[in-house]
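As structure tokens, the structure follows; a few thoughts come after it.
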Amino acid sequence: MTNKKTFQIRKGSARDTQLLNDICYSCGEAAYEDDVVKNIKCAGEGNRVIFIIEENGLGVGYCIFNCQPRYALFKKLDIPAIQDLKIIPEFRRSGLATMLIHYCENYAHERGYNDIGISVALHSGFGPAQRLYVKLGYVPDGAGVTYNRKLISPMEMRPIDDDLCLMLVKPLS
């Protein structure tokens with residue numbers, strides 16, 4: 011008898027608030043219930059979609075597809091963004107992040123978008139994500155580094171934390 015793992019991606023809803031918080035905690039992050047509730051509310055308004063990946067019915071990760079990101083260049087060019095991609099540690103390096111990203115890419119393409127964006131923090135904790143996004147065809151948008159989704163000027167000082175990011179794009183054609 012084999013113990014085959016079955017993964018499924020589904021849209022999240024208001025009933026998933028605790029699950030999303032649990033995934034955040036499993037990833038070593040403080041879950042900000044207000045943020046989770048805000049994302050669910052925006053999803054209900056059609057601005058965002060939360061995709062949850064499950065293994066045999068157990069939620070093991072999620073991401074947000076945001077068709078109205080805060081980043082000015084993505085807004086200007088009508089580029090949706092993949093945000094808050096999280097996979098609980100014991101399921102990492104098994105292709106689940108790639109599955110979620112491809113799912114979002116297909117979702118964007120089906121809705122007529124030509125490009126999709128994703129951001130990645132610049133510190134070493136995001137090294138695996140940096141490498142994955144490049145492997146999947148994402149490239150820097152050419153505008154430089156952002157802090158909290160705002161461009162950084164040359165010589166401007168910012169902390170090296172999760173808000174110091176490089177914005178990446180990928181054509182969907």
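FYI, the numbering for the sequence shown is 11 to 183, going by the numbering used here. Don't be surprised by glycine CBs; every beta carbon is placed ideally from N, CA and C. The model shown is predicted, which means the values in this text are computed figures rather than measured ones.
- Within its own chain, the residues whose Cβ lies closer than 6 Å to the Cβ of F84, once the five positions on either side in sequence are excluded, are A91 and G127, listed in chain order.
- Here the alpha carbons of C73 and L161 stand approximately 24 Å from one another.
- Where A82 is concerned, the enclosing alpha helix (DSSP H) starts and stops at A82 to K86.
- In the DSSP assignment, A24 falls outside any beta strand (DSSP E) and carries neither an H nor an E.
- Looking only at S23, Y113 and N158, the smallest Cα-Cα distance to L146 is reached by Y113.
- Rounded to whole angstroms, the Cβ separation of R20 and I62 is 6 Å, and the two are in contact under 8 Å.
- CA-to-CA, the gap between I97 and P164 works out to about 34 Å.
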